[in-house]
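One line per chain: the protein sequences are A and B, in this order. So the first sequence is numbered by our numbering: it starts at 1 and just counts up by one. So the second sequence is numbered by our numbering: it starts at 334 and just counts up by one. Notes for the one structure printed next.
There are 2 protein chains.
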Amino acid sequence: MGISGSDASAITLGQASEREALRRIFPRLPQSSATLVGPGDDAAVLAAPDGRFVVTTDMMVHGPDFRLAWSGPVDLGWKAAATNLSDVAAMGAVPTALVVAIAAPPETPVAWLEGVADGFREACAELAPGCGVVGGDLSVSATLTFAVTAFGDLEGRTPVLRSGARPGDIVAVSGALGQAAAGLRVLFAEAVHASGEPDADRFASVAAAHPDTVGAQLRPRPPIADGPRAAASGATAMLDLSDGLALDARRVAEASGVAIDLDTSTLGPDAATALRGGEDHGLFAAFPPGTELPGGFRRVGVVREGQGLLVDGVPFGERGGWDPYLEWDGGQG
Amino acid sequence: MGISGSDASAITLGQASEREALRRIFPRLPQSSATLVGPGDDAAVLAAPDGRFVVTTDMMVHGPDFRLAWSGPVDLGWKAAATNLSDVAAMGAVPTALVVAIAAPPETPVAWLEGVADGFREACAELAPGCGVVGGDLSVSATLTFAVTAFGDLEGRTPVLRSGARPGDIVAVSGALGQAAAGLRVLFAEAVHASGEPDADRFASVAAAHPDTVGAQLRPRPPIADGPRAAASGATAMLDLSDGLALDARRVAEASGVAIDLDTSTLGPDAATALRGGEDHGLFAAFPPGTELPGGFRRVGVVREGQGLLVDGVPFGERGGWDPYLEWDGGQG
Chain A
1 MGISGSDASA ITLGQASERE ALRRIFPRLP QSSATLVGPG DDAAVLAAPD GRFVVTTDMM
61 VHGPDFRLAW SGPVDLGWKA AATNLSDVAA MGAVPTALVV AIAAPPETPV AWLEGVADGF
121 REACAELAPG CGVVGGDLSV SATLTFAVTA FGDLEGRTPV LRSGARPGDI VAVSGALGQA
181 AAGLRVLFAE AVHASGEPDA DRFASVAAAH PDTVGAQLRP RPPIADGPRA AASGATAMLD
241 LSDGLALDAR RVAEASGVAI DLDTSTLGPD AATALRGGED HGLFAAFPPG TELPGGFRRV
301 GVVREGQGLL VDGVPFGERG GWDPYLEWDG GQG
Chain B
334 MGISGSDASA ITLGQASERE ALRRIFPRLP QSSATLVGPG DDAAVLAAPD GRFVVTTDMM
394 VHGPDFRLAW SGPVDLGWKA AATNLSDVAA MGAVPTALVV AIAAPPETPV AWLEGVADGF
454 REACAELAPG CGVVGGDLSV SATLTFAVTA FGDLEGRTPV LRSGARPGDI VAVSGALGQA
514 AAGLRVLFAE AVHASGEPDA DRFASVAAAH PDTVGAQLRP RPPIADGPRA AASGATAMLD
574 LSDGLALDAR RVAEASGVAI DLDTSTLGPD AATALRGGED HGLFAAFPPG TELPGGFRRV
634 GVVREGQGLL VDGVPFGERG GWDPYLEWDG GQG
């Protein structure tokens with residue numbers, strides 16, 4: 001497998017001109033309903049009806065962030081979209097548009113990049129209808145790299161920051177906890193060669209045997225609509241769960257100057273993975289006491305006076321969570 | 334030279350946590366006057382006072398886009414900022430903010446990344462005061478890669494597209510033509526080892542002997558303020574000169590359904606380099622007949638009925654310009 005795909009006769013990025021490649025890719029991309037001037041000029045122009053816009057940017061790099069033995073082009077487009085959409089939702093905004101910069105090796109087939117475009121289209125259609133790709137850049141590089149910037153519309157709401165949680169608030173999450181981490185664990189345990197290197201041949205049976213966890217890892221489905229719902233329900237703090245519940249909860253506690261106490265009885269049968277697993281891309285939020293939790297939010301703890309993270313009332317010492325610099329093993333797979 | 338720099342004892346990206354690295358880098362970045370919510374949350378929130386915003390994104394990749402033997406960290410931050418600011422200006426907008434995603438090898442010193450931040454700050458201060466970095470992402474990668482997204486405020490003006498040039502319009506440019514290409518040519522001719530590989534030791538004397546052209550290549554100074562000036566003066570079409578005057582003029586001609594006739598007597602002593610050289614990052618614009626050209630704009634031709642590019646009245650057959658896919662030699666230097 002890998003990026004060269006199965007059709008060796010296909011035209012590659014190194015053979016096509018930038019213009020030819022873009023002519024094939026652009027029609028597959030999702031359209032944004034916020035577009036005033038779309039792709040093809042020096043820049044796009046987007047509507048920002050309430051006089052503000054939300055912006056976030058995130059890279060996905062071959063090696064530390066994904067393995068081509070396990071992720072196809074549609075998966076990668078999907079995940080690059082979903083993770084950025086989730087950051088927009090976590091401010092309480094509705095995602096409106098993306099710009100996408102891709103750097104890929106010259107031997108990448110243009111057809112493979114069309115698959116990436118399909119992933120962006122499918123993710124926007126399912127997770128954030130009306131959101132689309134309004135511009136981008138396509139470069140050659142020795143390392144396949146995606147850099148996505150996402151925009152959102154607050155629709156007049158106050159942005160929900162990490163810093164607003166208050167003692168007594170309900171702590172709640174929306175979206176699955178620990179599934180993406182469990183998926184990565186099973187891939188590294190079973191979808192590898194004897195050497196430990198990712199193995200595309202073993203991947204299919206592993207994915208079939210563990211569709212929920214592997215799916216959560218490769219095509220996360222963040223509860224995007226719950227971000228604006230939480231803001232409308234008065235959420236006092238919110239963030240995207242990207243580095244594991246424990247680490248992300250600690251961030252909210254630190255930013256808000258409070259303690260957060262998580263209740264493991266609410267975290268399902270594998271509370272350890274729910275606490276430590278990264279890449280959930282669910283939403284973590286605090287709500288005033290008595291709030292009827294909106295959408296898929298469910299209570300997982302409470303905000304207390306004090307500082308730092310508690311679990312079942314006890315200070316939680318583990319660092320927890322994923323740090324890409326400290327943990328990448330150098331492989332690309 | 335290269336990315337590991339001269340201070341081998343310095344802490345590297347692979348040794349620092351993301352949080353530590355960002356804590357050192359963020360204070361050096363320029364501030365944006367459009368910031369409503371700044372760095373540190375899931376996303377930033379920016380003001381878009383006229384209910385719209387301009388957005389563009391561009392990558393710089395080690396190898397095809399720059400060589401570390403010739404560009405230091407301040408140069409790279411500067412150039413990544415300047416090229417994106419120029420795309421915003423070419424719509425007639427005032428640049429307001431940038432988000433910056435950087436992927437760098439684990440052995441990159443954090444101090445080197447501080448230099449990149451300094452480059453962003455210096456470029457914004459000189460080229461687009463009030464514009465700043467409002468968010469970003471820092472990743473590890475085998476290939477040093479910058480992905481910048483820039484935003485602009487149209488201040489109520491209509492965006493100036495490529496497609497509005499009309500027969501009879503004045504064709505004008507602002508900014509130097511061919512200097513950046515001449516700089517790259519002298520670097521490849523003289524600042525190299527006998528093998529042709531970029532040579533940091535020879536670079537200093539070459540840069541000292543050719544400060545204008547090498548400076549135009551490594552730290553371009555696009556005439557950012559002339560973008561909004563052109564829009565205010567009624568420019569009918571405008572674009573950033575990134576791939577050489579001939580190719581970019583042809584793009585405006587095609588988008589506008591007209592012919593553009595360039596007058597080589599206006600292009601200085603080396604008209605060939607002015608026509609073909611890439612990375613000028615000046616502005617190309619069409620203005621209605623009789624317009625008093627604003628700022629640094631000067632007449633270089635006229636729009637005619639017809640199609641395609643003419644030079645001194647004769648159809649110009651050469652393709653002209655730079656295509657990164659077709660022309661990268663695979664080296665990184």
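For glycine and all other residues, C-beta sits at the position ideal for the given N, C-alpha and C. The structure presented is a predicted model; accordingly, all values stated were derived computationally and were not measured.
Can the beta-carbon of A/Arg-229 be found closer than 8 Å to that of A/Pro-159?
-> No; because the gap between Cβ atoms is not below 8 Å, this pair is not in contact.
Give the range of the alpha helix (DSSP H) segment to which B/Pro-561 is assigned.
-> Run containing B/Pro-561: 559-565, per the alpha helix (DSSP H) assignment.
Quick one: list the residues of chain A neighbouring B/Thr-482, beta-carbon separation under 7 Å, in chain order.
-> Chain A residues near B/Thr-482: Thr-57, Val-99 and Thr-149.
Can you list, in chain order, the residues of its chain whose CB lies under 6 Å from that of A/Thr-149, leaving out five sequence neighbours each side?
-> Closer than 6 Å at the Cβ level, and outside the excluded window around A/Thr-149, lie Thr-57 and Val-99.
Under the three-state reduction of DSSP, which class applies to B/Leu-578: helix, strand or coil?
-> Under the three-state reduction of DSSP output, B/Leu-578 falls in the helix class.
Are the C-beta of B/Val-394 and some C-beta of chain A separated by less than 8 Å?
-> For B/Val-394, at least one C-beta of chain A is nearer than 8 Å to its own C-beta.
Considering only residues of the same chain and omitting the five flanking positions on each side of B/Val-394, which have a CB-CB separation below 7 Å?
-> Cβ within range, chain order: Thr-476 and Thr-478.
Could you give the residue range of the alpha helix (DSSP H) that holds A/Phe-26?
-> Careful: A/Phe-26 lies outside any alpha helix (DSSP H) and carries neither H nor E.
Compare the beta carbon distance of A/Gly-244 and A/Arg-219 with 8 Å and say whether it is the shorter of the two.
-> Not in contact: A/Gly-244 and A/Arg-219 (Cβ atoms no closer than 8 Å).
Is the Cβ of B/Ala-343 closer than 8 Å to any Cβ of chain A?
-> So, not an interface residue.
Inter-stretch contact (C-beta, 8 Å, three-pair minimum) for the region 534-548 of chain B and the region 410-422 of chain B | They do not touch, by the three-pair rule.
What do you reckon, are the CB atoms on B/Ala-524 and B/Val-539 nearer than 8 Å?
-> Yes, they are a contact pair.
Relative to the C-alpha of A/Pro-222, which residue among A/Asp-118, A/Pro-73 and A/Leu-177 is closest?
-> Considering only alpha carbons, the answer is A/Leu-177.
Could you tell me which residues DSSP puts in a beta bridge with B/Phe-484?
-> Paired residues: B/Val-388 and B/Ala-430.
Straight-line CA distance for B/Asp-613 to A/Pro-30?
-> Between B/Asp-613 and A/Pro-30, the C-alpha separation is close to 32 Å.
Taking Cβ to Cβ, would you say B/Asp-573 is nearer than 8 Å to B/Leu-616?
-> A contact, by the Cβ cut-off of 8 Å.
In this structure, does DSSP put A/Pro-289 in helix, strand or coil?
-> The three-state secondary structure of A/Pro-289, taken from DSSP, is coil.
Which residue from B/Arg-583, B/Asp-451, B/Leu-379 and B/Pro-438 puts its Cα closest to that of B/Val-430?
-> Reading off the sequence shown, one finds Ala at residue 430 of chain B, where the question assumed Val. Checking every option, the nearest Cα to that of B/Ala-430 belongs to B/Leu-379.
Would you kindly check if the distance between the Cβ of B/Asp-375 and the Cβ of A/Ala-16 is under 8 Å?
-> Against a cut-off of 8 Å, the Cβ pair of B/Asp-375 and A/Ala-16 comes out as no contact.
Hey, A/Gln-332 and A/Arg-67: beta-carbon distance below 8 Å or not?
-> For A/Gln-332 and A/Arg-67, yes; Cβs fall inside 8 Å.
Among residues of its own chain, excluding the 5 on either side of A/Gly-234, which ones have a beta-carbon nearer than 8 Å to its beta-carbon?
-> Closer than 8 Å at the Cβ level, and outside the excluded window around A/Gly-234, lie Phe-287, Pro-288 and Thr-291.
Could you round the C-beta distance between A/Asp-248 and A/Gly-301 to whole angstroms and report it? I think they count as a contact, below 8 Å.
-> With 8 Å as the limit, A/Asp-248 and A/Gly-301 do not qualify as a contact, their Cβ atoms being about 12 Å apart.
Looking only at C-alpha atoms, which of B/Gly-425, B/Ala-444 and B/Ser-496 sits nearest to B/Ala-354?
-> Of the listed residues, the one whose Cα sits closest to B/Ala-354 is B/Ala-444.
Proximal residues of chain B, C-beta to C-beta of A/Val-134 below 9 Å = Per Cβ cutoff of 9 Å: Val-388.
Cβ atoms of B/Leu-517 and B/Asp-594: under 8 Å apart, would you say?
-> Not closer than 8 Å, so no.
Rounded separation between A/Pro-73 and A/Pro-106 - CA only | Distance from the CA of A/Pro-73 to the CA of A/Pro-106, rounded to the nearest whole angstrom, comes to 16 Å.
CA-CA distance, B/Leu-369 and A/Val-54?
-> If I take the Cα positions, the gap works out to 10 Å.
Which residue comes first and which comes last in the alpha helix (DSSP H) that contains B/Ala-549?
-> 544-551 is the span of the alpha helix (DSSP H), which, as asked, contains B/Ala-549.
Best match in B/Ser-575, B/Phe-484 and B/Gly-425 for proximity to B/Ala-513 [C-alpha to C-alpha] = Answer by Cα proximity: B/Ser-575.
Grab me the residues of A/Glu-114's own chain with a C-beta within less than 7 Å of its C-beta, minus the 5 sequence neighbours each way, in chain order.
-> Counting only Cβ-Cβ distances below 7 Å, and skipping sequence neighbours, we find Arg-24, Ile-25 and Arg-28.
Can you grab the Cα-Cα spacing for the pair A/Leu-138 / A/Ala-272, in whole Å?
-> CA-to-CA, the gap between A/Leu-138 and A/Ala-272 works out to about 41 Å.
A/Val-314 versus A/Gly-51 - alpha carbon distance = A/Val-314 and A/Gly-51: Cα-Cα distance of roughly 44 Å.
Same chain only: Cβ atoms within 6 Å of A/His-210, ignoring 5 sequence neighbours per side = Correct list, in chain order: Val-186.
Note the first and the last residue of the continuous alpha helix (DSSP H) segment covering A/Asp-87.
-> Note, A/Asp-87: alpha helix (DSSP H), 73-89.
The beta strand (DSSP E) with A/Gly-301 in it runs from where to where?
-> Where A/Gly-301 is concerned, the enclosing beta strand (DSSP E) stretches over 298-304.
Residues sharing a beta bridge with A/Val-173, DSSP | Beta-bridge analysis with DSSP links A/Val-173 to A/Phe-284 and A/Arg-298.
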